[in-house]
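S.K.:
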Amino acid sequence: MVLSSLTPQTDNLPTLEATFPVAWYAIAASHKVKTKPLGIRRLGMDLVLWRDANGKVVCQSRHCPHRGVDLALGKIATENGKSCLECPYHGFQFASDGRCVLMPCEGKEASISPAMRVESYQVKESHGLIWLWWGNEEMATPEIPWFTQLKDQPRCWTDAELVWDIHFTRAAESVLIDLHHFAFAHHGIAKWMGFSDTKRLDSLETQVVGNQIKTQGVLKSEQGNGLSMNFQNEILFPNLSFFDLGLGNLTLFVTLTPIDQDNTWINFRYYADFRWPFLSRLIAKIAAWFELNFVQPDDYRLLKSTVPKRSGLMENRLVHADQTIVHWHRLNKHHPQKGIRS
Numbered sequence: 229m230v231l232s233s234l235t236p237q238t239d240n241l242p243t244l245e246a247t248f249p250v251a252w253y254a255i256a257a258s259h260k261v262k263t264k265p266l267g268i269r270r271l272g273m274d275l276v277l278w279r280d281a282n283g284k285v286v287c288q289s290r291h292c293p294h295r296g297v298d299l300a301l302g303k304i305a306t307e308n309g310k311s312c313l314e315c316p317y318h319g320f321q322f323a324s325d326g327r328c329v330l331m332p333c334e335g336k337e338a339s340i341s342p343a344m345r346v347e348s349y350q351v352k353e354s355h356g357l358i359w360l361w362w363g364n365e366e367m368a369t370p371e372i373p374w375f376t377q378l379k380d381q382p383r384c385w386t387d388a389e390l391v392w393d394i395h396f397t398r399a400a401e402s403v404l405i406d407l408h409h410f411a412f413a414h415h416g417i418a419k420w421m422g423f424s425d426t427k428r429l430d431s432l433e434t435q436v437v438g439n440q441i442k443t444q445g446v447l448k449s450e451q452g453n454g455l456s457m458n459f460q461n462e463i464l465f466p467n468l469s470f471f472d473l474g475l476g477n478l479t480l481f482v483t484l485t486p487i488d489q490d491n492t493w494i495n496f497r498y499y500a501d502f503r504w505p506f507l508s509r510l511i512a513k514i515a516a517w518f519e520l521n522f523v524q525p526d527d528y529r530l531l532k533s534t535v536p537k538r539s540g541l542m543e544n545r546l547v548h549a550d551q552t553i554v555h556w557h558r559l560n561k562h563h564p565q566k567g568i569r570s
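Heads up: the sequence shown is residues 229 to 570, going by our numbering.
(1) Could you have a look at Y499 and say whether DSSP puts it in helix, strand or coil?
(2) Can you tell me which of the three DSSP states Y253 falls into?
(3) Are the Cβ atoms of T426 and T552 separated by less than 8 Å?
(4) In whole angstroms, what separates the C-alpha of R497 from that of D472?
(5) Starting from the Cα of L559, find the closest Cα among F470, E389, V436, S456 and give me that residue.
(6) Here's a check: name, in chain order, each residue in its chain whose Cβ is nearer than 7 Å to the Cβ of T534, leaving out the five neighbours to either side.
(7) Closest Cβ-Cβ distance between L480 and chain B: below 8 Å?
(8) In chain order, what residues of the same chain lie with their CB nearer than 6 Å to the CB of P444, ignoring the 5 residues before and after it?
(9) Since W572 and L313 should fall inside the 8 Å C-beta cutoff, what is the C-beta to C-beta distance between them, to a whole number of angstroms?
(10) Go ahead and pull the three-state DSSP assignment for P486.
(11) Given I268, which residues of its chain have a CB within under 7 Å of its CB, disregarding the five upstream and five downstream residues?
(12) Are the CB atoms of I511 and W392 within a distance shorter than 8 Å?
(13) Alpha carbon to alpha carbon, what distance is there between R509 and A418?
(14) Would you mind sorting T238 into buried or exposed? The rule is 16 or more other CB atoms within 10 Å of its CB.
(15) Name the DSSP bridge partner or partners of S533?
(16) Rounding to the nearest angstrom, what Cα-Cα distance links H318 and V482 in this structure?
(17) Might you give, ordered along the chain, the residues of its own chain that have their beta carbon closer than 6 Å to the beta carbon of I304, omitting 5 neighbours on each side?
(18) For N584 and G474, which I take to be in contact (beta-carbon distance under 8 Å), what is that distance rounded to the nearest angstrom?
(19) Label E371 either buried or exposed according to how many other C-beta atoms from any shown protein chain fall within 10 Å of its C-beta, with 16 as the threshold for buried.
(20) Could you check what DSSP says for L244 in three-state terms: helix, strand or coil?
(21) Whose C-beta lies closer than 8 Å to the C-beta of A549 among residues of the same chain, with five residues either side of it excluded?
(22) Could you give the DSSP three-state label for K260: helix, strand or coil?
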């Protein structure tokens, strides 16, 4: 299948409004793409996801080139083992490579202009997520970046997702990296868990290798008494994070993707690996529910108050405890970028 470039070459391109790092971005959970088309907005593009007769995910531009109708309102038409996306307005059908293969109003034998097509984008399905390559296709890495801690492990997991009207850089600082806000931003939860005095970030070590940032440290009370939290965090720049929060067999994976220059899609997943699978499933489900309904609302409330809306090294006065954030922004400054167009 010939896939189009994410930004078609033309003499009348709109103005670049924002740029984001070139990378594979998760754009949807696999279980969300079923028998009907799924409409989403990611990286400034309105997209539709659907599965062909073989179960392979197809990603295309969301609006019909004929009259602009939302193709996510259409259906999947399959004949002789070949699937097409059918527009709900006039029944035009589009193959997985974007070609229009049927215009009912013109008849089955009609000659169809090559211009009657939708854009198709390079996607892969891996680790329970649909991934889109943001960048020039020849730069695409063959493998989706992933954490060695999560490879080939029969863990139970539950995921959940959020949409925040927060810029990608601010969301990344909060959900991928920052832990020493816990006793303050989540003071009610911290008190309930016995971590209300766990404010000092100590024994902090950070290592950067390529696009990988590894951090470990201890959150503890200034007096040295009470509970402490030994944590390890690994980031695969720009958008993946794995947390071991010292909670035994319960760990956290987070990924986030720009929806556009003002909004961010976040998917987080709790992994549980206990003796009994039913217990693992239950604990993972409770943890994800708790994160979605109690932890993240606190973060969102504070991030909404933050200025400027877009973050960087010059927009903050970062301290030693923020060194992982510093490394993330340094990578972001030097990493190849691709622009979202208005």
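Yeah, the Cβ is synthetic: ideal placement off N, Cα and C, and Gly gets one too. Keep in mind the model is a prediction, meaning the values are calculated, not measured.
M.R.: Reading off the structure:
(1) strand
(2) strand
(3) no
(4) 12 Å
(5) V436
(6) R398
(7) Looking at the structure shown, chain B is missing, and only one protein chain is on hand.
(8) Before going on, a small fix: residue 444 reads as Gln here, not Pro. Around Q444: E433, Q460.
(9) There is simply no residue 572 to check, as the chain begins at 229 and stops at 570 in what is shown.
(10) strand
(11) I255, A256, L275, L277
(12) no
(13) 24 Å
(14) Note that T238 scores 35 on pLDDT, short of 50, meaning its location in the model is unreliable and no value can be drawn from it.
(15) According to DSSP, S533 bridges with nothing at all.
(16) 41 Å
(17) W278, S311
(18) Since the displayed the chain opens at 229 and closes at 570, residue 584 lies outside it and no answer follows.
(19) exposed
(20) Summary for L244: the model assigns pLDDT 45, below 50, so the residue's position carries little reliability, and this model does not support an answer.
(21) H408, L429, L432
(22) helix
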